[in-house]
DNA sequence: CGAGCTCTTGAGATTAATCAATAACCGTGG
DNA sequence: CCACGGTTATTGATTAATCTCAAGAGCTCG
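Residue numbers (my numbering), protein chains in the order written: chain P, 1 to 249; chain D, 1 to 249.
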């Protein structure tokens with residue numbers, strides 16, 4: 001992966017980009033891609049590094065090429081809630097807004113494919129196909145945020161943990177284009193604290209519930225960041241969600 | 001308001017529409033408005049009526065003209081979470097999706113300005129200005145959803161109630177184009193149960209915290225649905241939010 | 001091999017949920 | 001106009017879940 005990453009970062013070639021057909025550029029024709037490419041640059045961050053602070057000026061937008069980042073919001077007294085998880089192909093930044101609304105932190109090593117904001121905004125005007133893709137992605141994110149509202153508002157601590165693992169397992173499975181089922185191993189690119197911030201829990205509760213799921217055989221921990229799920233279906237049951245997948249189109 | 005409503009519903013004239021410059025049609029020129037108008041129709045619902053059930057086919061999209069609706073999601077065992085509040089000018093439905101992802105319920109008497117989905121989707125392709133407005137509105141909704149994540153994940157029951165009242169007061173103030181400050185009276189078009197579903201609480205807790213805010217003089221109740229806020233600033237303090245408003249552009 | 005993290009586990013405090021009873025409101029019809 | 005039934009809201013007592021505070025264990029990396 002770091003080797004890949006270096007390759008991409010140096011060559012800057014869209015045709016070998018792992019998110020070429022899933023990111024905001026997904027539906028681009030060659031000419032549109034060319035226009036995007038002319039304003040494109042890469043940035044890399046190490047796990048833990050801050051990409052932007054809420055309130056700071058932000059002159060670029062971009063796509064996650066690899067790694068993972070979290071959007072975070074805070075109350076004055078320091079209580080913290082993660083409000084978004086950016087995985088490969090997800091879009092970062094808001095066209096038309098110069099100031100970041102959320103703090104963005106790399107939760108694992110991260111590569112971003114960036115576009116300067118102004119040229120990108122012009123491109124959005126001129127190229128409905130790109131604007132359309134961005135609308136589609138934003139609607140998907142809104143749906144994901146709404147699922148998260150249900151999780152935060154109504155699920156128990158155990159269900160929250162299981163739900164997070166389900167989401168990560170599904171994304172991991174999607175990467176290798178296989179349905180999530182049976183025995184799955186996932187990498188957890190999050191500390192217990194980051195998980196807690198995402199789930200609206202304390203890190204102690206996260207730890208306790210991870211232990212409980214382990215004790216009950218729903219998950220097996222290999223070290224602290226590698227999780228084996230012996231039966232994905234069982235995990236879905238623990239998550240409290242409707243067992244039969246999502247909504248058809 | 002019902003008189004207005006009837007007028008609008010019968011005349012179907014965009015130029016006297018109360019959300020003409022705030023809804024998805026906001027930036028439309030006369031010709032675009034004409035195209036929209038040709039596929040437009042109105043629907044009205046009484047408080048409590050269901051607009052669509054999650055999973056049902058939905059062949060229209062539209063804007064809230066007056067009243068209020070809630071988007072609701074459920075777990076299998078019945079636990080319910082409201083995941084969106086649609087106020088006047090808000091957009092309902094998702095272009096490109098034929099099946100409703102959420103149950104939509106009128107929480108007060110409601111008037112929708114609807115467009116058949118297919119023609120609207122064509123219009124989105126042909127008219128970047130409309131697509132652009134929809135993108136902007138969707139991004140705003142996403143921001144609102146993320147604020148709500150912070151509320152559900154990290155705020156106390158009392159702060160949740162105060163936050164909801166702040167939001168309603170701000171929207172009410174925006175309608176009459178005045179900043180929210182000083183003494184404000186708002187109409188609560190929600191039952192205690194709907195408030196609970198929105199805030200991730202039980203209705204008993206909502207009731208208790210409303211009583212507590214009343215006891216502490218933060219709010220005055222006139223009947224059950226009318227709330228007087230003697231000092232908007234004090235209410236904002238109770239909400240736990242950063243006191244200094246929102247993010248500048 | 002020890003310093004500094006991150007994570008786990010325990011005990012007790014706190015918040016909100018649950019279960020239960022009563023009160024207030026609303027529309028209807030006598 | 002008022003009594004009645006049904007709904008919605010309030011309040012109380014108890015329970016359950018999660019948080020808080022605290023101590024110790026396990027990794028990781030110089």
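Beta carbons are placed, not taken as given, at the ideal position from N, Cα and C, and that holds for glycine.
query	result
Please report how far the alpha carbon of residue 180 of chain D lies from the alpha carbon of residue 116 of chain D, in whole angstroms.	36 Å
So the candidates are P/100, P/66, P/101; which of them puts its Cα closest to the Cα of residue 109 of chain P?	P/66
Using a Cβ-Cβ cut-off of less than 9 Å, give me the residues of the stretch 63 to 93 of chain P that come near chain D, in sequence order.	71, 73, 74, 75, 76, 77, 79, 80, 81, 82, 83, 84
Would you tell me roughly how many angstroms separate the C-alpha atoms of residue 137 of chain P and residue 24 of chain P, rounded to the nearest one?	8 Å
For a cutoff of 8 Å on Cβ pairs, would you count residue 35 of chain D as touching chain P?	no
State yes or no: is the C-beta of residue 212 of chain D within less than 8 Å of the C-beta of residue 154 of chain D?	no
Please list the segments of the alpha helix (DSSP H) lying wholly inside the stretch 164 to 227 of chain P, counting only runs of 4 or more residues, in order along the chain.	192 to 199, 203 to 215
Taking C-beta to C-beta, are residue 111 of chain P and residue 165 of chain P nearer than 8 Å?	no
Name, going along the chain, the residues of the stretch 99 to 127 of chain D whose beta-carbon falls closer than 8 Å to a beta-carbon of chain P.	99, 101, 102, 124, 125
Verify the CB distance criterion: does residue 135 of chain D have a CB-CB separation below 8 Å to chain P?	yes
Comparing C-alpha positions only, which one of D/242, D/71, D/51, D/123 sits nearest to residue 40 of chain D?	D/123
So, using beta-carbon positions, are residue 196 of chain D and residue 184 of chain D closer together than 8 Å?	no
Between residue 180 of chain D and chain P, is any beta-carbon pair separated by less than 8 Å?	no
Taking CB distances under 8 Å as the criterion, tell me whether residue 141 of chain P reaches chain D.	yes
For residue 92 of chain D and residue 85 of chain D, what's the separation of their Cα atoms in angstroms?	10 Å
Can you give me, in chain order, the residues of the stretch 141 to 166 of chain P that have a beta carbon less than 7 Å from any beta carbon in chain D?	141, 142, 143, 145, 146, 148, 149, 150, 152, 153, 154
DSSP state of residue 63 of chain P, grouped into three classes?	strand
Considering only residues of the same chain and omitting the five flanking positions on each side of residue 245 of chain D, which have a CB-CB separation below 6 Å?	Only weak support is given to the placement of residue 245 of chain D: the predicted model assigns it a pLDDT of 48, under 50, and the question is left unresolved by the model.
Beta carbons nearer than 9 Å to chain D: which residues of the stretch 34 to 54 of chain P have them?	54
Which residues in the same chain have their Cβ closer than 6 Å to the Cβ of residue 241 of chain D, if we skip the five residues on either side of it in sequence?	none
Would residue 223 of chain D pass as an interface residue toward chain P - the criterion being a Cβ-Cβ separation below 8 Å?	no
Indicate whether at least one CB of chain P lies closer than 8 Å to the CB of residue 60 of chain D.	no
Consider the Cβ of residue 191 of chain D: report whether some Cβ of chain P lies at a distance smaller than 8 Å.	no
Taking residue 100 of chain D and residue 52 of chain D to be in contact with their CB atoms under 8 Å, please state how far apart those CB atoms are, rounded to whole angstroms.	4 Å
Check whether the Cβ atoms of residue 128 of chain P and residue 128 of chain D sit closer than 8 Å, and answer yes or no.	yes
Does the beta carbon of residue 138 of chain D come closer than 8 Å to any beta carbon on chain P?	yes
From the beta carbon of residue 234 of chain P, is the nearest beta carbon of chain D less than 8 Å away?	no
Answer with buried or exposed for residue 237 of chain P, where buried requires no fewer than 16 other C-beta atoms within 10 angstroms of its C-beta.	exposed
Alpha carbon to alpha carbon, what distance is there between residue 163 of chain P and residue 69 of chain P?	18 Å
My output table needs one value for residue 3 of chain D: the three-state DSSP class, helix, strand or coil.	With a pLDDT of only 47 at residue 3 of chain D, under the threshold of 50, the placement of this residue in the model should not be trusted; the figure read from the coordinates follows. DSSP places residue 3 of chain D in helix when its eight states are reduced to three.
Using the C-alpha atoms, what's the distance from residue 198 of chain P back to residue 151 of chain D?	13 Å
Since residue 96 of chain D is in the alpha helix (DSSP H), which residue starts that stretch and which ends it?	Run containing residue 96 of chain D: none; DSSP gives neither H nor E here.
Taking only runs that begin and end inside the stretch 28 to 79 of chain P, name each unbroken alpha helix (DSSP H) of 4 or more residues, in chain order.	30 to 38
At the level of alpha carbons, what is the spacing between residue 43 of chain D and residue 60 of chain D?	11 Å
Taking the alpha-carbon of residue 223 of chain D as reference, which of D/191, D/15, D/30 has the nearest alpha-carbon?	D/191
Is there at least one non-hydrogen atom of the ligand PLP closer than 7 Å to the beta-carbon of residue 117 of chain D?	Ligands displayed in this structure: none; no statement on the ligand PLP is therefore possible.
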